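Sequence order for the protein chains is A and B. For the first sequence, numbering that gives the first Met the number 0 gives the first residue as 0, with consecutive numbering after it. For the second sequence, numbering that gives the first Met the number 0 gives the first residue as 0, with consecutive numbering after it.
There are 2 protein chains.
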Amino acid sequence: MSPSETVNAFIAAIEAKDVETAVSFASENISYENMPTDPIIGLSGLTKTLNSFLGPATTVEWRILEQWEVGPTVVNERLDRFQIGTGWLELPVAGVFKVDQNGKIALWRDYFDMATYTRQLAALTGK
Amino acid sequence: MSPSETVNAFIAAIEAKDVETAVSFASENISYENMPTDPIIGLSGLTKTLNSFLGPATTVEWRILEQWEVGPTVVNERLDRFQIGTGWLELPVAGVFKVDQNGKIALWRDYFDMATYTRQLAALTGK
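1. I'd like to know whether the C-beta atoms of L123 of chain A and L88 of chain A end up nearer to each other than 7 Å.
2. Does the CB of A93 of chain B have a neighbour CB from chain A at under 7 Å?
3. Find the nearest neighbour of G70 of chain B within the set B:K47, B:E60, B:Q100 and B:K126, judged by alpha-carbon distance.
4. Within a Cβ cutoff of 8 Å, which residues of the same chain sit near G44 of chain A, ignoring the five residues on either side of it in sequence?
5. Using a 10 Å radius around the Cβ and a threshold of 16 neighbouring Cβ atoms, would you call N50 of chain A buried or exposed?
6. In the DSSP assignment, find the unbroken beta strand (DSSP E) run with Q82 of chain B in it and report its ends.
7. Just verifying my parser: in three-state terms, what is the DSSP assignment at K97 of chain B?
8. With a threshold of 7 Å between beta carbons, is G110 of chain A in contact with chain B?
9. Indicate the three-state DSSP secondary structure (helix, strand or coil) for A8 of chain A in the structure shown.
10. Report yes if the C-beta distance between A25 of chain B and A12 of chain B is below 7 Å; otherwise report no.
11. With DSSP as the reference, label A15 of chain B as helix, strand or coil.
12. I think T48 of chain B touches I39 of chain B, with their Cβ atoms under 8 Å apart; what is that distance to the nearest whole Å?
13. Could you work out which residue in A:L78, A:S3 and A:V98 is closest to T115 of chain A when comparing CA atoms only?
14. Go ahead and pull the three-state DSSP assignment for P38 of chain A.
15. Let me check understanding here. Comparing Cα to Cα, which of A:T46, A:I83, A:V92 and A:W107 lies closest to V18 of chain A?
16. Can you check which of these residues, B:P35, B:W61 and B:P55, is closest to A8 of chain B by C-alpha distance?
17. Mind listing which residues of the segment 56–70 of chain A have their C-beta closer than 7 Å to chain E's C-betas, in chain order?
18. Check each candidate in B:E14, B:S3, B:P2 and B:M0 and name the one with the smallest Cα separation from F81 of chain B.
19. Between M113 of chain B and chain A, is there a C-beta pair that is closer than 7 Å?
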């Protein structure tokens, strides 16, 4: 698989809410960096964070608007969508992925506005 | 100039707080999109927004951590730094630039966490 294909398969597993399959595409030493918060290192942290993101959503759709691959690096612009209750939470994201020599995602760095996420989550969940 | 060279020159002008030169690299129809806020179309809006970002800073340093060029598109990860008073405001950003056939920046889209910016600005300016 090319780096782009790995990222595509990773995101497809996330959309299927299949965290176990998603995590299988990640390196055991993955650095998962949501830029507004501290980096998360390793598969257990990745699993926990994906579950917390995906848990409230009945449907998950991460639209890849554009994606570039340069060597081992994949960069994309996405609209990450989560159906929660009767509404959709929509989060614009720029993601940077580095795929290592074993074909595993070793770095995943997402740039987004946290308040855009929390404001919609609060409106949809009443919390 | 290649698309990357255009973006580099644009950012160098911003670092020099030379808004007039920076704007000369932009298309008159530029769409300037700070993702947490509404898009800004055209040169007068770009000029005004750059002045408001750069105004409070005595020194501006936008570190390009990594940059990719694919066709007319340039994508970078940056640490945008602003010296304000005795401290530095530091903002992680992922930027997407599209350079048109006239060599002008027609799209500039920055992904970042607004609270990371406003929290530091408030601490440094006391506002």
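Just so it is clear, CB atoms sit at the ideal spot from N, CA and C, and this is done for glycine as well. In this text the structure is predicted, and so the values were computed from the model without any measurement.
Taking the definition as stated:
1. For the pair L123 of chain A and L88 of chain A, the CB atoms are nearer than the 7 Å cut-off.
2. For A93 of chain B, a Cβ of chain A is located within less than 7 Å of the residue's own Cβ.
3. Closest in C-alpha terms to G70 of chain B, from the list B:K47, B:E60, B:Q100 and B:K126, comes B:Q100.
4. Taken in chain order, the residues that qualify are Y31.
5. Exposed is the label assigned to N50 of chain A, since fewer than 16 other Cβ atoms lie within 10 Å of its Cβ.
6. For Q82 of chain B, the enclosing beta strand (DSSP E) starts and ends at T72 to I83.
7. In the structure shown, K97 of chain B adopts extended strand secondary structure according to DSSP, grouped into three states.
8. According to the sequence as given, residue 110 of chain A is Tyr; it is not Gly. True, the Cβ-Cβ gap to chain B drops below 7 Å.
9. Of the three classes helix, strand and coil, the one that applies to A8 of chain A here is helix, per DSSP.
10. No, the Cβ-Cβ distance between A25 of chain B and A12 of chain B is not below 7 Å.
11. The answer is coil: DSSP assigns A15 of chain B none of H, G, I, E or B.
12. Their Cβ separation, rounded to whole angstroms, is 6 Å, which keeps T48 of chain B and I39 of chain B in contact under 8 Å.
13. When only C-alpha atoms are compared, the closest one is A:L78.
14. Three-state DSSP puts P38 of chain A in coil, outside helix and strand.
15. The shortest C-alpha separation from V18 of chain A is found at A:T46.
16. Residue B:W61 is the option with its Cα nearest to A8 of chain B.
17. Annotation note: the requested chain E is absent from the structure, which comprises protein chains A and B.
18. Nearest in C-alpha terms to F81 of chain B, of all of B:E14, B:S3, B:P2 and B:M0, is B:E14.
19. Under the 7 Å criterion on CB atoms, M113 of chain B is classed as interfacial with respect to chain A.
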